[in-house]
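Engineer: Got a structure for you, written out below as structure tokens; questions coming shortly.
In this note's numbering, the protein residues as written are 1 to 126.
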């Protein structure tokens with residue numbers, strides 16, 4: 001089945017990524033993803049809307065980076081890769097209930113991190 005092959009491949013990708021992260025951590029030299037390089041510039045309606053969109057994307061990116069890895073990986077698989085809960089459970093070799101809990105808690109953490117960052121911005125700029 002195609003789903004089984006996808007889960008198998010994603011498991012390999014996940015394990016390869018985790019190995020790479022473990023090797024990079026002692027060096028603390030990770031390359032950052034620059035969303036501007038992967039954005040269609042023509043899609044921006046105005047410089048102001050582009051600035052606001054980038055600021056929001058940057059806040060989300062920072063919040064995701066600050067999540068503990070077990071929450072970050074399931075959030076990325078669900079929101080970016082659009083994997084089902086069952087597929088995420090297979091890739092992470094975790095019970096379905098654990099996946100659902102981590103996604104819920106991860107989303108809650110993201111909301112708190114972004115809200116906290118926005119409060120800090122208002123405090124410094126307002």
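Just so it is clear, CB atoms sit at the ideal spot from N, CA and C, and this is done for glycine as well. Please read these numbers as outputs of a predicted model, since none were measured by experiment.
1. Quick check: the stretch 67-80 against the stretch 102-122, are there 3 or more CB pairs under 8 Å?
2. Anyone know if the C-beta pair for residue 60 and residue 77 falls short of 8 Å?
3. Please report the residue range of the alpha helix (DSSP H) in which residue 72 lies.
4. Restricting to Cα atoms, I'd like to know which of 108, 86, 109 is closest to residue 98.
5. Look at the Cβ atom of residue 57, then the Cβ atom of residue 114, and state whether they are nearer than 8 Å.
6. Return the chain-ordered list of same chain residues with a C-beta closer than 6 Å to the C-beta of residue 14, the five sequence neighbours on each side being excluded.
7. Where do the ends of the alpha helix (DSSP H) carrying residue 87 lie?
Structural biologist: According to the data block:
1. The answer is yes - the stretch 102-122 touches the stretch 67-80, with three or more Cβ pairs under 8 Å.
2. Not in contact: residue 60 and residue 77 (Cβ atoms no closer than 8 Å).
3. Where residue 72 is concerned, the enclosing alpha helix (DSSP H) stretches over 69-75.
4. Of the listed residues, the one whose Cα sits closest to residue 98 is 86.
5. Not closer than 8 Å, so no.
6. Excluding positions up to five away in sequence, the list reads 91.
7. Counting along the chain, residue 87 sits inside the alpha helix (DSSP H) bounded by residues 85-92.
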